[in-house]
Amino acid sequence: MAGYASYDDLINQVTTNGKSLEWDLCKYGPAPKAAGVWTRLWSSDGFPGVKDSSSNVLSEPPANLTLSAATNATPIVVTTGTHNLNDGQSVNITGVVGNTAANGDFYIRKSGIGSATTFGLYTDFALTNAVAGNGAYTSGGTVNGTKRLSSPMAMRWADQSPAQKMILTWGCVSTQDCVVVLHDRISDLGAISINATGDISITTAALARYTTGVGVEPWLEVTTGGTGTPQMNLKTYVNDGNTTSSTGASVTFNATPVANSMYQLPLVAGDLGVRSVSALHVTAAGTGAVVNLALLKPLAKLTLSANMWNERDFVLQLSSLPVVNDGASLMISFLASGTTAPNFKSKIRLGYA
Amino acid sequence: MAGFANTAAVKSAISSGKQFNTQFLKQISSGAVGLTNWRRSWDGSGFPGAGAEPATTPGTVYTSDSSSIAFADRASFSKYLMSLEATFASAGSDVTLAVMDRLVGVGGISLASTGTKTINSSALSRYTSGTGVELWLEVTTTTTGSVTLSVSSYTNDAGVSGLAGPSFVLAAVPASVVVQLPYGPGQSGIRSVEQLNVSVAASAGVVNVMLVKPVDLIGLSKSSSNNNVRTNAVEMDGIYQRAAFPRLFDGASLSFYFIGGPTSAIFDICGGMQVIYG
Chain A
1 MAGYASYDDL INQVTTNGKS LEWDLCKYGP APKAAGVWTR LWSSDGFPGV KDSSSNVLSE
61 PPANLTLSAA TNATPIVVTT GTHNLNDGQS VNITGVVGNT AANGDFYIRK SGIGSATTFG
121 LYTDFALTNA VAGNGAYTSG GTVNGTKRLS SPMAMRWADQ SPAQKMILTW GCVSTQDCVV
181 VLHDRISDLG AISINATGDI SITTAALARY TTGVGVEPWL EVTTGGTGTP QMNLKTYVND
241 GNTTSSTGAS VTFNATPVAN SMYQLPLVAG DLGVRSVSAL HVTAAGTGAV VNLALLKPLA
301 KLTLSANMWN ERDFVLQLSS LPVVNDGASL MISFLASGTT APNFKSKIRL GYA
Chain S
1001 MAGFANTAAV KSAISSGKQF NTQFLKQISS GAVGLTNWRR SWDGSGFPGA GAEPATTPGT
1061 VYTSDSSSIA FADRASFSKY LMSLEATFAS AGSDVTLAVM DRLVGVGGIS LASTGTKTIN
1121 SSALSRYTSG TGVELWLEVT TTTTGSVTLS VSSYTNDAGV SGLAGPSFVL AAVPASVVVQ
1181 LPYGPGQSGI RSVEQLNVSV AASAGVVNVM LVKPVDLIGL SKSSSNNNVR TNAVEMDGIY
1241 QRAAFPRLFD GASLSFYFIG GPTSAIFDIC GGMQVIYG
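Heads up: the protein sequence lines correspond to chains A and S, in order.
Numbering of the first sequence is given in my numbering, commencing with residue 1 and proceeding in unit increments.
Numbering of the second sequence is given in my numbering, commencing with residue 1001 and proceeding in unit increments.
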């Protein structure tokens, strides 16, 4: 059975058997909009990195796209509307009929084989394993954003199944007073324009982890700043009880939102999390702002004083041993105390058994 | 078999003398560099003494370096940093002290001219896969003006060579500042650096390229009587504080990077480490 029988067992597994993992994060954070605004590090420079050698940001998810073709070739090249993707970005595709090998989770390649409206499908970030078609395309196909599976842009570790990974310690320092939250980024959907009021129909990828939805939080991430004071809410979603809920309370952005600000979408009272979201509603539109919808599972939080290392021990201090599931894609977001761009250094240690 | 079967084995190792204790005192004379910059203790005098700058390409491989905090090899055992204590003997801000194992350094890289800089760093002798190994620049001559650079060719921890990271802007900073360079996505460590590229140069500035492995970090609060102690495994009396067990490999050459700290021109970092093996 996975897990530790005792603290002695933990010591034995970590030291004698070497069953430990770690990640030392470095992130050069963005300038927050204001004190009290959650701000993401997901697309910030550092380690893990997010930009290719041409400084294209690869961490953003695609928008919902409709497929109109998928070649029966190697690699499969799919045709969509204008996708705005670069080599190495990832997509989740469902609903393709005929060439069903085009359904699944892939990294895309545009260079050499694609265009502004086409891209090839690969199973690895290095784009060495091309996906072969398995029949003629008949119909269907939707890009549902990205399902994050040990994302190359996240803190990640090799699968250890049937053993279970658990956080032993997590520490962090920031150059600014703040609260940091460590979360597992499960899936996300990009390029949602909020320039007009009304409903926005979307399709999100099925959860790869925390599949009941309990504890999974929907967040809006500003990827392009704008003007105005947008206000949004969840219009339709499937909750942790696998029933459809609607019309959560609205969240109001800060005026003139800036990129990398984050706003959590409230759920209907009684719901413990979300499995999927099928519609958002814009009550007050902004001008120019674009957002992601990210489904996140928070694992731990820390309160930081500027330049002061703070660390939690999840064995002896908090006795919670947060589980890190196979495929987890961990990143940090922070609740800012000012508008200066802070830098972060963090160390996370896992054990597995 | 190396390691500890349980807490009793830890206590047994300690009581039977399977431990090292060392103290350190480093005098930092480079003064304040701004509270958002990391800096190094390597060139500070004291105990251990000031370290020399690494050689030019292919650089210096650090193995129990005499200017580092080092411990004797224990080939048939595994060593762990059991406790770390430190203090800054000066007034100032809160500090984070990072214990770094210096692996390989390549010195004398000029940022005063554009173009490709040949690094070709030597092979790692610890953490040889490169997993978790970080790439830092140590400023040895003050940079005047910002520099735009990137690691234009490196080998990752999977052995894939010829990788390139994104461009990075290094602001004008004084000597002793250290800065971690960003990698490209998909990397979980670095095995060697072949080239840096400077696309926008400063009128002056020289750096070392350093491959280091973070071992442990500790927070030092200005409000806690300038002293803080963090125990990593168990103490001899069995009071548990942290289940971390930072591993130290034979040949480790420990030094400090730190952020925050005193505003005085000269100050001391002092403290001690206890290492156990079993």
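Even glycine gets a Cβ: it sits at the ideal position worked out from N, Cα and C.
In DSSP terms, what Trp1136/S is bridged to: Gln1180/S, Met1210/S
Cβ pair Leu149/A, Ala102/A closer than 8 Å: no
Own chain residues within Cβ distance below 6 Å of Leu21/A, not counting five before or after: Trp157, Leu350
Same chain, Cβ closer than 7 Å to Gly1261/S, neighbours up to 5 away in sequence not counted: Phe1088, Gly1092, Ser1093, Val1095
Backbone CA spacing between Ser1225/S and Gly1219/S [nearest angstrom]: Model confidence at Ser1225/S stands at a pLDDT of 48, short of 50, so the residue's coordinates are unreliable; what they give is reported in the following sentence. Distance between the alpha carbons of Ser1225/S and Gly1219/S is about 13 Å.
Buried versus exposed, by CB contacts within 10 Å (16 or more), Phe1245/S: buried
Closest Cα partner of Asn307/A within the set Lys1222/S, Arg1242/S, Tyr1277/S: Lys1222/S
Distance between Val50/A and Phe1256/S (C-alpha atoms, nearest Å): 27 Å
Straight-line Cα distance separating Thr123/A from Asp177/A: 40 Å
Residues of the segment 1241-1262 of chain S with Cβ closer than 7 Å to any Cβ of chain A, in chain order: Gln1241, Arg1242, Ala1243, Ala1244, Phe1245, Ile1259, Gly1260
Continuous beta strand (DSSP E) assignments of at least 3 residues falling wholly in the segment 61-130 of chain A: 64-66, 77-79, 90-94, 104-109, 118-122
Distance CB(Asn310/A)-CB(Cys172/A) smaller than 8 Å: yes
Arg148/A at chain S interface by Cβ criterion, 8 Å: no
Neighbourhood of Gln1023/S by C-beta, 6 Å cutoff - its chain only, sequence neighbours within 5 removed: Gly1272
Segment limits, beta strand (DSSP E) that includes Leu316/A: Leu316/A -> no beta strand (DSSP E), and no H or E assigned at all.
Positions along the segment 1074-1099 of chain S whose CB lies within less than 9 Å of some CB in chain A: Ser1078, Tyr1080, Ser1093, Asp1094, Val1095, Thr1096, Leu1097, Ala1098
Own chain partners of Asp358/A with C-beta closer than 6 Å, once the 5 adjacent residues on each side are dropped: Within the shown structure, residues of chain A are numbered from 1 to 353, placing residue 358/A beyond reach of any answer.
Contact set for Trp355/A: own chain, Cβ-Cβ below 6 Å, skip 5 residues either direction: No statement about residue 355/A is possible, as the shown extent of chain A runs from 1 to 353 and does not include it.
Assigned secondary structure, Leu1103/S (DSSP; H/G/I helix, E/B strand, else coil): strand
Where Arg185/A meets chain S, residues with beta-carbon distance less than 9 Å: The contacting residues do not exist; Arg185/A stays about 14 Å from chain S at best.
Runs of alpha helix (DSSP H) wholly within the segment 258-291 of chain A (minimum 4 residues, chain order): none
Cβ-based burial, Ala1213/S [other Cβ within 10 Å; buried from 16]: Here residue 1213/S is Lys; the residue named in the question, Ala, does not match the sequence. By the 10 Å Cβ count, Lys1213/S comes out buried.
Contact under 8 Å by Cβ, Val1099/S with Leu1254/S: yes
Beta-carbon gap between Tyr28/A and Asp52/A smaller than 8 Å: no
Listed by chain order, chain A residues near Val1177/S by CB distance under 9 Å: Those do not exist, as Val1177/S stays about 12 Å from chain A at its closest Cβ, beyond 9 Å.
Three-way DSSP call (helix, strand, coil) for Gln1274/S in this model: strand
N-terminal and C-terminal residue of the alpha helix (DSSP H) that Val14/A is part of: 7-15
Backbone CA spacing between Ala1233/S and Pro1054/S [nearest angstrom]: With a pLDDT of 48 at Ala1233/S, under the threshold of 50, the modelled position of this residue cannot be trusted; read the value that follows with caution. Using only the alpha carbons, I get a separation of about 33 Å.
Arg1074/S beta carbon less than 8 Å from that of Glu1138/S: no
Short Cβ contact (8 Å threshold) for Ser1076/S with Pro1048/S: no
Stretch-stretch touch, CB-based, cutoff 8 Å, three pairs: the segment 125-145 of chain A with the segment 70-88 of chain A: yes
Per-residue burial, Met1001/S [other beta carbons within 10 Å of its own, 16 or more giving buried]: exposed
Contacts of Ile11/A in chain S (Cβ-Cβ under 9 Å): Gly1003, Phe1004, Ala1005, Asn1006, Thr1007, Ala1009, Val1010, Ala1233, Val1234, Ala1243, Phe1245
Inter-residue spacing [alpha-carbon to alpha-carbon] between Asp1237/S and Leu1124/S: At Asp1237/S, the pLDDT of 44 sits below 50, so the modelled position is not reliable; the number obtained from the coordinates is stated separately. Distance between the alpha carbons of Asp1237/S and Leu1124/S: 38 Å.
Proximal residues of chain A, C-beta to C-beta of Pro1182/S below 8 Å: Cys26, Tyr28, Asp45, Gly46, Phe47, Gly49, Lys51
Cross-chain neighbours of Leu58/A in chain S, by beta carbon under 8 Å: Pro1185
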